[in-house]
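K.L.:
I am attaching a structure below and will ask some questions about it afterwards.
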Amino acid sequence: MSRSHSETYARSSSDPAGFWLEAAAGIDWDTVPETAIDDSAAPIYRWYPDGMLNICHNALDRHVQAGRGDATALAYDSAMLGIRHSYSYAELLHEVATFAEVLAARGIGKGNRVLIYLPMIPQAVIAMLACARIGAVHSVVFGGFAPKELAARIDDATPAAIITATGGMEPARRVEYLPAVATALDLATHRVPDVIVGHRDGFTHATADFADTDTTWLDWDALVATAVPAAAVPVRSTDPLYVLYTSGTTGSPKGVVRDTGSYAVAMNWSMENIYGVGAGDTMFTASDVGWVVGHSYIVYGPLIAEATTVLYEGKPVGTPDAGAFWRIIEDHKVDVLFTAPTALRAIRKADPEAELLADHVISTLRALFVAGERLDPDAFTWAGEKLGVPVIDNWWQTETGWPIAANPLGLEPLPIKPGSPTVPVPGFRVAILDGFGTPVPAGTEGNIGIELPLPPGTLCTLWGNDERFISTYLEQFPGYYATGDSGYLDHDGYLFVMGRTDDVINVSGHRISTGALEQVLSSHRHVAECAVIGLADALTGQRPSGYVVLKSGAQISEEELRAELVAMVRDQIGPVADFREVRVVEALPKTRSGKILRKTMREIADGRPYVVPSTIEDPAVVEALLPFLRPGA
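With the numbering used here applied, the sequence shown corresponds to residues 23 to 655, in that order.
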């Protein structure tokens, strides 16, 4: 009989210590924790402070020791190269333990950071788990980021090594990684001793090309050839497992710190109770290991749960067509698919009637989970009708590490309301707050807050900066974590997330700081000031749109300016920003204190009702902007 969500949620709220100590029993501990939570440094809380474990052991060794070494752990599928290769749990353990010894032989151990800059290839998973095996802290940077962004992360994390490959694959081109890494090393002030490079055929550059730099460039295969497997090293539950960077509104990246023990517990609990995935099941998470979804539900979650995880190097469309996901489901007998609304919209755009679905047998599929940005009702309805399985929206953040709200497939599936990720997950005590931090009645929109302490698996701080962690997330509403999103809880307890309350926009599931984009635009020789806002987009969720005021006497056409600014953003932020729109305007609407009214601009551009604040410096500026923000207005 399924457990009731309401009963489970009530218990997690009334006795969180007892609830999460019981959940911890699903993990192998070297020292079993007796204390659930340490609140001595509140509002910073730490889970299982007296526990010790190794998360790599929980993801690999214990399954092999239990006799499941022959089961498939990782199924690599490259649509780019036509390569498929599966690793059993025993094979993946050998690869991970061997590379862990490679790192240990370079002097890397507990607490050292390792930056991973890899495409979607098995070495990415192996490197992450190898770091965890020896207590090193990994920081994965998505391969699409530009050298400047990579350099910022190098300087913040100060890694002892970088692990990369000769390049990554895009549908129409190969992307050389080594020049980007070399440039980032030149830009960074922190010196990285070692760069370990995995060789891939067809790329121009090799480690020898950079031998004259201060960094030692090493070949992955050569190092592995002489290494022997390393044992798993127990670490404290509160020791950091990884640092994952997310955009900050100032343009300075925030290093979200995930600890080891509570993350292991959260992954184990969420796989069973939210996703309904266990031993022998196959999960295909169409994300990238550079994002939080990839960390949690390509790597750690499925492997801790003894499932098979699919590592897909490809796109939802174009590799070769809009039937790519259906082919993966058929070939790997996928039980649960997890993707972003952007992918669904791209597939629907290319194949509106899902005609390519008829070419594949997807009878193993039980559910489709969707997260990354708001799941619009049209995409929800289309996917449900075409696939014939429950479409389950879930809402969370890089900071939380796992869903804040979801329909708990493994507990008690609830009726679905389009536009809602359903209900708060046990452990997340969600409240809707007014501007003073007071809870508002059901049905009233406000700031989405989560009552402290946050459950296991969420961020414990920001890398090297407890003060910024507190000021960014905990000071605005004392006693609550501020999500930065607005929304409401309806009378049935369903959560509706309406949008961001800050100036970070969501482009195809990637959070991009408008401040970082504006910093690039404002550095152009002809730009006096600028604003970037996120506009609603049917395909990507949001798209960045830039509005610039030129310096007096600037001699440049709008088309030429647009081309230069787009190139600058691509070079300094990366192609993930998908920045293509630039409008030249006479002035930007501002308050008397000089704050640009981005929210008002977004409302106008999206065709929503708007109210010009009484603090505006010049109301005429808004009228002058209408043709640019809303053509035809």
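We put the beta carbon where it would ideally sit given N, CA and C, even for glycine.
Any idea if residue 501 is buried or exposed, counting beta-carbon neighbours within 10 angstroms, 16 or more meaning buried?
P.N.:
The residue is exposed, with fewer than 16 neighbouring Cβ atoms inside 10 Å.
K.L.:
What span of residues does the alpha helix (DSSP H) with residue 83 cover, start to end?
P.N.:
Premise fails: residue 83 is in no alpha helix (DSSP H) and is neither H nor E.
K.L.:
Is residue 144 close to chain C? Criterion is C-beta to C-beta, closer than 8 angstroms.
P.N.:
Of the protein chains in this structure there is only one, and it is not chain C.
K.L.:
Using CA atoms only, rank isn't needed, just tell me which of 215, 225, 195 is closest to residue 201.
P.N.:
Minimum Cα distance to residue 201 is reached at 225.
K.L.:
Using DSSP's beta-bridge definition, name the partner residues of residue 107.
P.N.:
Residue 107 is bridged to 98.
K.L.:
Short check: CB of residue 42 to CB of residue 287, under 8 angstroms?
P.N.:
Yes, the pair counts as a contact, with Cβ atoms nearer than the cut-off.
K.L.:
Let me check understanding here. Comparing Cα to Cα, which of 63, 48, 207 lies closest to residue 474?
P.N.:
The shortest Cα separation from residue 474 among 63, 48, 207 belongs to 63.
K.L.:
Out of 315, 561, 462, 299, point me to the one whose CA is closest to residue 266's CA.
P.N.:
Among 315, 561, 462, 299, the Cα nearest to that of residue 266 belongs to 315.
K.L.:
With DSSP as the reference, label residue 360 as helix, strand or coil.
P.N.:
Residue 360: strand per DSSP, three-state reduction.
K.L.:
Could you tell me the distance, in whole angstroms, from the CA atom of residue 593 to the CA atom of residue 159?
P.N.:
Residue 593 and residue 159: Cα-Cα distance of roughly 28 angstroms.
K.L.:
When DSSP labels each residue in this structure, what does residue 567 get in the three-state scheme?
P.N.:
Strand, per DSSP.
K.L.:
Determine the direct distance from the alpha carbon of residue 446 to that of residue 25, and round the result to whole angstroms.
P.N.:
Roughly 16 angstroms between the two C-alpha positions.
K.L.:
Which partner residues of residue 612 appear in the DSSP bridge assignment?
P.N.:
Paired residue(s): 618.
K.L.:
Is it true that the CB of residue 530 sits closer than 8 angstroms to the CB of residue 362?
P.N.:
Contact: yes.
K.L.:
Taking just the CA atoms, how far does residue 264 sit from residue 235?
P.N.:
Going by the C-alpha atoms only, they are around 28 angstroms apart.
K.L.:
Would DSSP call residue 643 helix, strand or coil?
P.N.:
DSSP places residue 643 in helix when its eight states are reduced to three.
K.L.:
Find out if the Cβ-Cβ distance for the pair residue 111, residue 135 is shorter than 8 angstroms.
P.N.:
Contact: no.
K.L.:
Which of the three DSSP states, helix, strand or coil, is assigned to residue 454?
P.N.:
Three-state result, residue 454: strand.
K.L.:
Quick one: residues in its chain with C-beta nearer than 6 angstroms to the C-beta of residue 132, no 5 flanking neighbours on either side, listed in chain order?
P.N.:
157.
K.L.:
Residue 424 and residue 418 - do their beta-carbons sit closer together than 8 angstroms?
P.N.:
Closer than 8 angstroms, so yes.
K.L.:
Per DSSP, what are the beta-bridge partners of residue 573 in this structure?
P.N.:
For residue 573, which the question treats as bridged, DSSP gives no partner whatsoever.
K.L.:
Need the endpoints of the beta strand (DSSP E) that residue 559 sits in, please.
P.N.:
Run containing residue 559: 549 to 559, per the beta strand (DSSP E) assignment.
K.L.:
Does the region 541 to 552 come within contact of the region 506 to 513, defined as at least 3 CB pairs closer than 8 angstroms?
P.N.:
In short, these stretches do not touch, since the Cβ pair count stays below three.
K.L.:
Taking its Cβ as the centre, do 16 or more other Cβ atoms sit within 10 Å of residue 458, making it buried, or is it exposed?
P.N.:
So residue 458 counts as exposed.
K.L.:
Note down, in chain order, each residue of its chain lying with its Cβ closer than 7 angstroms to the Cβ of residue 559, except the 5 sequence neighbours on either side.
P.N.:
Within the same chain, residue 559 has close Cβ partners 565.
K.L.:
Assuming residue 251 and residue 113 make a contact with CB atoms under 8 angstroms, what is their CB distance in whole Å?
P.N.:
Rounded, the Cβ-Cβ distance is 12 angstroms, inconsistent with contact.
K.L.:
Less than 8 angstroms between the CB atoms is what I'm expecting for residue 66 and residue 488, so what's the real figure, rounded?
P.N.:
Going by Cβ atoms, the distance from residue 66 to residue 488 rounds to 6 angstroms, so yes, they are a contact pair.
K.L.:
With burial defined as no fewer than 16 other Cβ atoms inside 10 Å of the residue's Cβ, what is the status of residue 383: buried or exposed?
P.N.:
Classification for residue 383: exposed.
K.L.:
Distance check for residue 228 and residue 268, CA to CA, integer angstroms please.
P.N.:
Whole-angstrom Cα-Cα distance: 30 angstroms.
K.L.:
Buried or exposed: which applies to residue 145, given that a residue is buried once 16 or more other Cβ atoms fall within 10 Å of its Cβ?
P.N.:
By the neighbour-count rule (16 or more Cβ atoms within 10 Å), residue 145 is buried.
K.L.:
Is any heavy atom of the ligand NAP found at a distance shorter than 7 angstroms from the C-beta of residue 37?
P.N.:
This structure lacks the ligand NAP, and indeed carries no ligand of any kind.
K.L.:
From which residue to which residue does the beta strand (DSSP E) around residue 603 run?
P.N.:
Start and end: 603 to 606.
K.L.:
Counting only the same chain and skipping the five closest in sequence on each side, list residues whose C-beta sits under 6 angstroms from that of residue 322.
P.N.:
The residues are 289.
K.L.:
What is the rounded straight-line gap between the Cα of residue 182 and the Cα of residue 129?
P.N.:
Taking the straight line from one Cα to the other gives about 9 angstroms.
K.L.:
So what's residue 408 in DSSP terms, helix, strand or just coil?
P.N.:
Residue state, collapsed to three classes: helix.
K.L.:
Exposed or buried, what is residue 165 when buried is set at 16 or more other beta-carbons lying within 10 Å of its beta-carbon?
P.N.:
Residue 165 is buried by the Cβ-count criterion.
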